[in-house]
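Residue numbers for the sequence shown follow the numbering used here, beginning at 661 and rising by one. Where is the CB? At the ideal position from N, CA and C, for every residue including glycine. Quantities reported herein were computed from a predicted structural model and do not represent experimental measurements. The structure appears right after this line, and notes come after that.
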Amino acid sequence: MVSGPSRRDVRARRLPTAVKIVIAGGFGVGKTTMVGTVSETRPLRTEELLTDESVGIDDISGVERKQTTTVAMDFGRITMRNEYVLYLFGTPGQERFWFMWDEVSLGALGAVVLADTRRLSDCFPSVDYFERRGTPFIVAVNCFEGAQRYDLTEIQMALNLGPKVPVMLCDARSLGSCKEVLIDLVLHAMKTRGLNEEPEPQNA
């Protein structure tokens, strides 16, 4: 008599796969906004008010209205097709908090580098960091109101990215746009790492 799968086997197959994703980029680029937009749970934030003591330390040109800053990380979670749970870790943007990056990025499948065309050079440290670590990443250009629009090829050249690094537009305030970015990243990271099993984006 051939027995069916055990209760333990069935339960194990139903457990979603946990995937760690890093959201990186310069100061004020929208990392906290993206994590908060897409997270299905209340996001964990480590924001503090900007004070006069940061004058001369933090460059806020182009984001003068920003009043808070992430000092450790942002954290959120989103489930895809009940098979994948993406744990999102947003890195702090200012140089004085870069020492947190190694801890935040440890064990990540891949990373989203958010870019702002008003301060495009601010994402260079993130690009360099993930290139050195060999972490698959994509660049998502957050479309701020009033920011100059560039062709994606121009952005790829300006950041000196390899031809296999995807570049896309996004709106960190839009759930649909953020999901599209995350799906593209997961597919890119799995392909880069040679993983065969891929989530189906149409049902995410």
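Legend entry - First and last residue of the uninterrupted beta strand (DSSP E) at Lys680: Mapped onto the sequence shown, residue 680 falls at position 20. Where Lys680 is concerned, the enclosing beta strand (DSSP E) stretches over Thr677 to Gly685.
Inset, instruction - Count the CB pairs spanning the segment 805 to 813 and the segment 773 to 786 that are closer than 8 Å, and state whether there are at least three. - result: yes
Inset, instruction - Would you tell me roughly how many angstroms separate the C-alpha atoms of Val731 and Thr693, rounded to the nearest one? - result: Your numbering for residue 731 matches position 71 in the sequence shown. Your numbering for residue 693 matches position 33 in the sequence shown. With a pLDDT of only 43 at Val731, under 50, the local geometry of the prediction cannot be trusted, and the value read off the model is given with reservation. Taking the straight line from one Cα to the other gives about 15 Å.
Legend entry - Given Phe735 as reference, the closest of Leu769, Gln816, Lys691 and Val773 once Cα atoms are compared: The residue labelled residue 735 in the question sits at position 75 within the sequence shown. Comparing Cα-Cα distances from Phe735 to each of Leu769, Gln816, Lys691 and Val773, the minimum goes to Lys691.
Inset, instruction - Output the residue ranges of the alpha helix (DSSP H) runs that lie fully inside the segment 777 to 806 and measure 4 residues or longer, sorted by chain position. - result: If we require 4 residues or more, the alpha helix (DSSP H) runs fully inside the segment 777 to 806 come out as 784 to 793.
Legend entry - Strand pairing of Leu746, partner residues [DSSP]: The count along the sequence shown starts at 1 and reaches residue 746 at position 86. Leu746 pairs with Val679 and Ile738.
Legend entry - Same chain, Cβ closer than 7 Å to Pro703, neighbours up to 5 away in sequence not counted: For this step, residue 703 is matched to residue 43 along the sequence shown. Val695, Gly696, Asp734, Phe735 and Gly736, listed in sequence order.
Legend entry - Beta-ladder partner(s) of Val773, from DSSP: Counting from one through the sequence shown, the residue named residue 773 turns up at place 113. Under DSSP, the beta-bridge partners assigned to Val773 are Ala684 and Val799.
Inset, instruction - Tell me where the alpha helix (DSSP H) around Leu766 begins and ends. - result: On the sequence shown, residue 766 is found 106 positions in, with the first residue counted as 1. It is not in any alpha helix (DSSP H) - Leu766 carries neither H nor E in the DSSP assignment.
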